[in-house]
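Okay, so the sequence shown: first residue is 410 according to our numbering, each after it adds one.
Below: the structure, in structure tokens.
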Amino acid sequence: MRSEKRKDMYADRYHAGAKGQKHCHYAKHRKTNSIRRFVTGIAALVMVMSLSFGFGSFFSSAHDSKAEEPSGERYYKSVQLEKGDSLWSIAQRYRRTEDSIYEYMDELAEANHLSLKDRNNLQEGDYLVVSYYGDDSVY
Numbered sequence: 410m411r412s413e414k415r416k417d418m419y420a421d422r423y424h425a426g427a428k429g430q431k432h433c434h435y436a437k438h439r440k441t442n443s444i445r446r447f448v449t450g451i452a453a454l455v456m457v458m459s460l461s462f463g464f465g466s467f468f469s470s471a472h473d474s475k476a477e478e479p480s481g482e483r484y485y486k487s488v489q490l491e492k493g494d495s496l497w498s499i500a501q502r503y504r505r506t507e508d509s510i511y512e513y514m515d516e517l518a519e520a521n522h523l524s525l526k527d528r529n530n531l532q533e534g535d536y537l538v539v540s541y542y543g544d545d546s547v548y
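Following this line, the structure appears as structure tokens:
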């Protein structure tokens, strides 16, 4: 009698008329749990691979930057702009030949607190701080 009450109570969870079939409710959960474990495993794998690549590129770029360090001392000086001078012409004049002109222009803008608007509005008589290296012939 007790088992009949249980069957009636949980009748919606059993397949009607199928002999020997397991509880349908638990089968769904088992499948959902296996899918959840699979997705979690893939997510963990992707995270581990991302961290590995991130740390690898960090250490390799740190190693490469030491090889690219300029020789000689770095110096700074103030330069008065003349007629026709621009950030581009100043960067061409004072950067090292192996340095990117765009990176040097960004460095000049940062050192002189120039906004994007200010970069294009340099006036004759303005002063800019420029950097150069001791082994260069530009003083």
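Yeah, the Cβ is synthetic: ideal placement off N, Cα and C, and Gly gets one too.
Please read these numbers as outputs of a predicted model, since none were measured by experiment.
8 Å Cβ shell around residue i - same chain, five flanking residues per side excluded
i, result
"residue 535", "489 and 490"
"residue 509", "none"
Pair within 9 Å by beta-carbon distance, residue i and residue j
i, j, result
"residue 494", "residue 523", "no"
"residue 540", "residue 511", "no"
"residue 500", "residue 513", "yes"
Whole-number beta carbon distance between residue j and residue i, since they are thought to touch under 8 Å
i, j, result
"residue 520", "residue 538", "5 Å"
"residue 483", "residue 542", "6 Å"
Spatial neighbours of residue i in its chain, beta-carbon cut-off 7 Å, leaving aside the 5 residues before and after
i, result
"residue 528", "496 and 518"
"residue 442", "none"
"residue 447", "none"
Of the listed residues the options, nearest to residue i (C-alpha basis)
i, options, result
"residue 505", "525, 487, 481 and 492", "481"
Chain-order list of residues whose beta-carbon lies under 6 Å from that of residue i (same chain, five-residue window excluded)
i, result
"residue 492", "533"
"residue 487", "536 and 538"
"residue 451", "none"
Taking only runs that begin and end inside the segment 509-548, name each unbroken beta strand (DSSP E) of 3 or more residues, in chain order.
536-542
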